[in-house]
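A.B. asks:
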Amino acid sequence: MSGPRDKKKRPEASKSEKEKYFELSRMSRRKMLKLTAAAGAGTVLSPMILTSRKSTVYAQGTVPEPELCPATPVPQSPPHTPFVDDLPVPSPALPQLLSPTPTKAANTDNGEAARDDHQRWEEFTPAVTYQLEARAGTHQFHRDYLPSYGWGFNGLYPGPTVLNAYGVPSLVRFKNSLPDPTQSFGTPQTTVHLHNGHTASESDGFAGDFFDSGLFKDNHYANAYAGIDDFGGFPKGDPREAMHTFWYHDHLMAETQNNNYLGMNGMYIAYDQTDPPWEFNTPGSLRLPAYYGVTDFPVVFLRQRFCPTNPTTGRTEKFQVVGAAAPGTDKVAVNGKLQPKLSVRRRKYRFRMLNTGVAALMSVALVDGNGAQKPMTVVAADGNFLHTPGVVSATSGFPQLDIHVASRFDVIIDFSQFAVGQVAYLKEITTTPQFVSSPAPPPLSDGTPIGALLMRFDIIGDATIPDTPAIPSTLVELPPIPPAGTYFEWGFRNIAGNNPPGNFRVTHSAIPENDANHDATFLPFDPFRIDHVVLKGSSETWAIRNDTMLGNWLHPVHIHLEEGRIIEKTICSVPNADGCNPANRTPVAMPPWEDGNNARRDVYPTQGQERFVIRLKFRDFVGRYLIHCHNMGHEDAFMMVRWDVVEDLATLRRTREQINAERVARGDTPLYRKEDLG
Amino acid sequence: MKRRAFFTSFVGKPPDEQFKPARGSPGPTIFTNALLRTHENKQVRFYDDLIRGRHVLINLMYADCHGACPVVTERLLKVYSELKDRMGKNLFLYSMTVKPEDDDPAALKNYAEMHRAYGLPGWTFLTGDPYDMETIRFNLFRMDHIAIDLDIYAHTSTLKIINDGTNRWLHVDPMASFSTILRKISWADPPKSFAEKLEANKKLQEKINKEKKLWGYRKDA
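First to last, the sequence lines map onto chains A and B. Those letters in the first sequence? Residues 1 to 678, by our numbering. Those letters in the second sequence? Residues 679 to 899, by our numbering.
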């Protein structure tokens, strides 16, 4: 076909690989259908197959690299006409057979990235397998724009949505086919985290477990509820620990934000009896809007800035400066489109809202065509159902929904409150200070009739699919709050002045409010340094402090592996950069989607001087996990630490003693007191 | 002969053929081709003589710094000794002053000697016109955050890793562990062949297995 390709001599081995591939694709269809049915996803797949995607998909390695536009002055994104493109629905990932067959131990001979053996492999043999290939592609963000170069899973932005069911273990093969070398500002190593799966460490996308372009890595997702060890039954685990809305994204240490800005993320939804992919009445079902792409939509926000359209290259490139962090932005893409529209009918719809950042908060509210606020109901926070749903409206006390980076909210909007022919908008209101002593990000410049509108809903008619019943006043019974256990404190601070303010760190202390301990641990992330170690099956009380001043950085703190319960949220009434006198801690009222009696969270948005006290139980898996600020800029500046879960008391004691010894060798005080050693 | 040697010794030297910039290299538009002075008082063009097609590490410092700089310089010395074989051949380290008004070449030389960094091939301390130094600092170390970007001390603890030959730009905190720093530096190396990647991957797996055997869990691998 093309000249340069002919000149390249293809290696002998690839031929047989190709043959293998065709063999597989012939047999995979029947098997695939079988698998789909097994996953219980058969019902959901049909509407989704109808949703088409318009982005160009290039064969691997043929996407022309971007020509970057000049960085000075920083370009204004080209203007676009609002509300002309339809809201795209990310296509579902299709199950497929994998070659080579997934194995418990890393298949390094065939190019799998080095890793530990899969935990609980025999117990949760994957019944359904997917392949998501990270590679370059182009995506058109608006019809007034030309395609933009980006990186995505299967070359798409947003990546395909993985639809799964509890009780059906799955395995996703993440193949790294990113261009190496690249002209873009991304880094072609990757490690993929399923946020916030109850996942074994070797499949958790630990930031230091990145692998090179050309290799692949199998992430094994048990799709079991937390508490596998304590609860039998099917699906295994404690059903009250169900999580439904996840997202997967690149978690490469120090380079996460650029890779995510280029588009390396997607959604992952897990269904179960409580929240099945259908709306008709089945035992235990909550009967919420659930037809993917019909009444249930992922809504993925990503802030972007674009270069001027370049007709010569045929591109409207994403603005990026090689070597710099993801830039300040002036457009918000919703599912990869700028200010899209969605035709809805007079009934309830579910929107699984996700802020992929990369750094800024997204505060949203629903308004009608005249700008008057209308209610929407939050049923799940961070993928977990609330005990009692919360309402975002002018009168509920919560006039906006703050979606911090990486947070997900399942929001139900009842469009029967509108008349046919009316419109409604999702509006962005950012009131929380995210930027210190720099101008607030300018409002969207073009095509914004009232405020910063993210998308428009056109109410086109009465419901054709019968509406779901009223949202239950009690959605689910939450599992009991874990017992207190031992206490551990994490401090999120960036020290201003001569100690560079670019230093974002997580400090820690096993002794409450002990600043000497916090100061001594002002260390950057190191995948080889363990900062805390916990025993599998134990529970602990963790405090998350933001030690920056009020109005300074907000840190959306994310903890891997387990969902936490917030039992206390306080603010320091006498601001102090070195921690707070406990007498000055004043309680802060929590919205229903934060309060541990009503919600389970995996992102804890901590304002300056605030402190969350949470309870966690570490179950089922051992290995290396992370706690970090999910502002991806901070995460990349190493506001992240590794903590480990270990199997037995002897290992716990030995590791804690070792941490103490290492600290003493550095000239610091020991982290653990004698009674903390286990 | 002497005359030519004199003229080619600094300005307008034909670019070194060993170092070819990548297609996407921003060239002097970002790096600038400012005339700088080294700690040995030699005049150099920033892009043409120091960056063009090269794999370089850049950090910011100033001679009178008693905070982060000495610690960072100590750590850079250790990084230097780890990569000794490559330094000056296909890897270069530049320490640029953020206080060019105070730091003349002599002051930089003094600083280098004080930190036992003097006379090491491939490690150059740089000063120049304050406007040029500020432009370079802003272009390379900017974080799009006004408070941080206007503070000249803010980046004294960032190590930029730039390979103009592969157009890879990375940065690392010099206080991170040496293995982290070395891994980050290697990310900017010219792309490895698939066979090399496989080999390195297998070695890592062996290391993991050894660690597991030794500790029961992964400590360092």
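Using N, Cα and C, we set each Cβ at its ideal position, and we do this for glycine too. Note that the coordinates shown come from a computational prediction; the quantities given were computed from them, not determined experimentally.
Which residue or residues does DSSP assign as beta-bridge partners of Pro683/A?
C.D. replies: Nothing about residue 683/A can be read from this structure; chain A reaches only from 1 to 678.
A.B. asks: At a CB-CB cut-off below 7 angstroms, which residues of chain A make contact with Val850/B?
C.D. replies: Going along chain A in sequence order, the residues near Val850/B (Cβ under 7 angstroms) are Ala254.
A.B. asks: List, in order along the chain, the chain B residues whose C-beta lies closer than 7 angstroms to that of Ser534/A?
C.D. replies: A small fix is needed here, since residue 534/A is Val in this sequence, not Ser. Within chain B, no residue comes near Val534/A; the closest Cβ sits about 13 angstroms away, beyond 7 angstroms.
A.B. asks: How do the segment 96-106 of chain A and the segment 141-148 of chain A stand: do at least 3 beta-carbon pairs fall below 8 angstroms, yes or no?
C.D. replies: Too few Cβ pairs lie closer than 8 angstroms, so no.
A.B. asks: Across the segment 122-140 of chain A and the segment 176-194 of chain A, are there enough close Cβ pairs to call them in contact, namely three or more that are closer than 8 angstroms?
C.D. replies: With the cut-off at 8 angstroms, the segment 122-140 of chain A and the segment 176-194 of chain A touch.
A.B. asks: Quick check on the burial criterion: 16 or more other C-beta atoms within 10 angstroms. Buried or exposed for Ser871/B?
C.D. replies: Exposed: under 16 other Cβ atoms inside 10 Å.
A.B. asks: Who are the Cβ neighbours of Glu647/A in its own chain at under 7 angstroms, not counting the five residues just before and after it?
C.D. replies: Result list for Glu647/A: Lys536 and Val622, in chain order.
A.B. asks: Any beta carbon from chain A within less than 9 angstroms of Met739/B's own beta carbon?
C.D. replies: So, not an interface residue.
A.B. asks: Is there a Cβ of chain B sitting closer than 9 angstroms to that of Asp382/A, yes or no?
C.D. replies: So, not an interface residue.
A.B. asks: Taking Cβ positions, are Trp121/A and Gly263/A nearer each other than 9 angstroms?
C.D. replies: For Trp121/A and Gly263/A, no; Cβs fall outside 9 angstroms.
A.B. asks: Looking only at its chain, what residues have a beta carbon closer than 7 angstroms to the beta carbon of Asn546/A, apart from the 5 residues adjacent to it on each side?
C.D. replies: Closer than 7 angstroms at Cβ, skipping near neighbours: Phe492, His555, Thr606, Gln607, Gly608, Gln609 and Glu610.
A.B. asks: What is the DSSP secondary structure of Gln384/A, counted as helix, strand or coil?
C.D. replies: Here residue 384/A is Asn; the residue named in the question, Gln, does not match the sequence. Asn384/A: strand per DSSP, three-state reduction.
A.B. asks: For the candidate residues Asp827/B, Ser855/B and Leu818/B, whose alpha-carbon lies nearest to that of Asn841/B?
C.D. replies: Of the candidates Asp827/B, Ser855/B and Leu818/B, the one whose C-alpha sits nearest the C-alpha of Asn841/B is Leu818/B.
A.B. asks: Can you give the beta carbon distance from Pro169/A to Pro90/A, rounded, assuming they're within the 8 angstroms contact cut?
C.D. replies: At roughly 23 angstroms, the Cβ-Cβ gap does not stay under 8 angstroms, so Pro169/A and Pro90/A are not in contact.
A.B. asks: Using a Cβ-Cβ cutoff of less than 6 angstroms, which residues in the same chain neighbour Phe351/A once the five nearest sequence positions on both sides are dropped?
C.D. replies: These residues qualify, in order along the chain: Phe297, Val299 and Val411.
A.B. asks: So which of Arg287/A, Trp542/A, Pro512/A and Ile429/A has the shortest CA-CA distance to Ile399/A?
C.D. replies: The amino acid at residue 399/A is misidentified as Ile; the sequence shows Pro. Ranking Arg287/A, Trp542/A, Pro512/A and Ile429/A by Cα distance to Pro399/A puts Ile429/A first.
A.B. asks: At 8 angstroms on the CB atoms, spell out the chain A contacts of Thr844/B, in chain order.
C.D. replies: Those are Pro181, listed as they occur along chain A.
A.B. asks: Compare the Cα-Cα distances from Ser201/A to each of Glu662/A, Thr655/A, Trp643/A and Arg666/A and report the closest residue.
C.D. replies: Nearest C-alpha to Ser201/A: Trp643/A.
A.B. asks: Going along the chain, which residues of the segment 709-736 of chain B sit with their C-beta nearer than 7 angstroms to a C-beta in chain A?
C.D. replies: Flagged: no residues at all.
A.B. asks: Might you give, ordered along the chain, the residues of its own chain that have their beta carbon closer than 8 angstroms to the beta carbon of Thr72/A, omitting 5 neighbours on each side?
C.D. replies: Contacts found: none.
A.B. asks: With a Cβ-Cβ cutoff of 9 angstroms, do Tyr248/A and Val364/A count as a contact?
C.D. replies: Not closer than 9 angstroms, so no.
A.B. asks: Report the residues of the segment 627-648 of chain A with a CB closer than 8 angstroms to any CB of chain B, ordered along the chain.
C.D. replies: Answer set for the segment 627-648 of chain A: Gly633, Ala637, Phe638, Asp644, Val646 and Glu647.
A.B. asks: Measuring straight from C-alpha to C-alpha, what distance separates Val750/B and Met739/B?
C.D. replies: When rounded, the distance between both Cα atoms is 9 angstroms.
A.B. asks: Among Gly314/A, Tyr425/A, Ala484/A and Met640/A, which one has its Cα closest to the Cα of Glu67/A?
C.D. replies: The shortest Cα separation from Glu67/A among Gly314/A, Tyr425/A, Ala484/A and Met640/A belongs to Gly314/A.
A.B. asks: Report the residue ranges of all beta strand (DSSP E) runs contained in full by the segment 805-889 of chain B; include only those spanning at least 3 residues, in chain order.
C.D. replies: Listed in chain order, the complete beta strand (DSSP E) runs (minimum 3 residues) inside the segment 805-889 of chain B are 837-841 and 846-850.
A.B. asks: Just confirm the distance between the C-beta atoms of Asp272/A and Ala242/A, as a whole number of angstroms; I'd bet it's less than 8 angstroms.
C.D. replies: Indeed they touch by this definition, with Cβ atoms about 6 angstroms apart.
A.B. asks: Hey, does Thr751/B have any beta-carbon neighbour from chain A nearer than 9 angstroms?
C.D. replies: Output row for Thr751/B: interface = no.
A.B. asks: In whole angstroms, give me the CA-to-CA distance for Phe319/A and Cys307/A.
C.D. replies: Looking at the two C-alpha atoms, the distance is approximately 5 angstroms.
A.B. asks: Does the beta carbon of Arg624/A come closer than 9 angstroms to any beta carbon on chain B?
C.D. replies: Yes, contact with chain B.
A.B. asks: Would you decide whether Val476/A is buried or exposed? Buried here means 16 or more other CB atoms lie within 10 Å of its CB.
C.D. replies: Val476/A comes out buried.
A.B. asks: Leaving out the 5 sequence neighbours to the left and right, which residues in its chain are closer than 7 angstroms to Asp639/B when beta-carbon positions are compared?
C.D. replies: What the structure shows of chain B is the stretch from 679 to 899, and residue 639/B is not part of that stretch, so it cannot be assessed.
A.B. asks: When you compare the CB of Asn503/A with every CB in chain B, is at least one pair closer than 9 angstroms?
C.D. replies: At least one chain B Cβ lies under 9 angstroms of Asn503/A.
A.B. asks: With a CB to CB cut of under 6 angstroms and the five nearest residues on each side skipped, what residues in its chain are close to Thr521/A?
C.D. replies: Excluding positions up to five away in sequence, the list reads Thr507 and His508.
A.B. asks: Is Arg794/B close to chain A? Criterion is C-beta to C-beta, closer than 9 angstroms.
C.D. replies: By this cut-off, Arg794/B is not an interface position.
A.B. asks: What is the rounded straight-line gap between the Cα of Lys875/B and the Cα of Gln189/A?
C.D. replies: About 12 angstroms.
A.B. asks: When the cut-off is 9 angstroms and only beta carbons count, does Phe185/A lie next to chain B?
C.D. replies: Cβ-Cβ to chain B under 9 angstroms: yes for Phe185/A.
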